[in-house]
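Below you'll find the structure, written out as structure tokens, and then a few comments.
Below, the structure written as structure tokens:
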């Protein structure tokens with residue numbers, strides 16, 4: 001689809017995220033200006049509802065397997081941080 005749209009695969013991925021709704025904003029982690037400029041190009045990629053459905057069909061929920069995080073990360077990702085007032089000493 002990226003070839004059909006005249007963009008790079010990464011621009012297509014960012015455009016897909018951008019088209020998820022007004023409450024969603026892609027935040028690409030880039031460290032090079034060349035990549036930043038390419039990412040900005042994703043804003044000009046327009047996707048029709050049919051194209052969105054096609055993209056979403058590529059990664060249907062049933063096709064995703066495995067855990068999101070490695071086992072060692074599960075010990076802290078769901079932990080609760082106690083409120084500051086419960087451990088901070090007032091001077």
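In the UniProt record's numbering, the protein residues as written are 1 to 91.
We treat Cβ as the ideally placed atom computed from N, Cα and C, and that holds for glycine.
Quick caveat, the model's predicted, so the values are computed rather than measured.
Three or more Cβ pairs closer than 8 Å define a contact, and the region 51-70 falls short of that threshold against the region 30-41. Per DSSP, the unbroken alpha helix (DSSP H) holding residue 3 starts and ends at 2-5. A distance below 7 Å between beta-carbons, with the five flanking residues on each side excluded, links residue 45 to the following residues of its chain, in chain order: 5, 7, 11, 12, 15. The alpha-carbon separation between residue 72 and residue 83 amounts to approximately 25 Å.
Per the C-alpha coordinates, the member of 42, 50, 89 positioned closest to residue 9 is 42.
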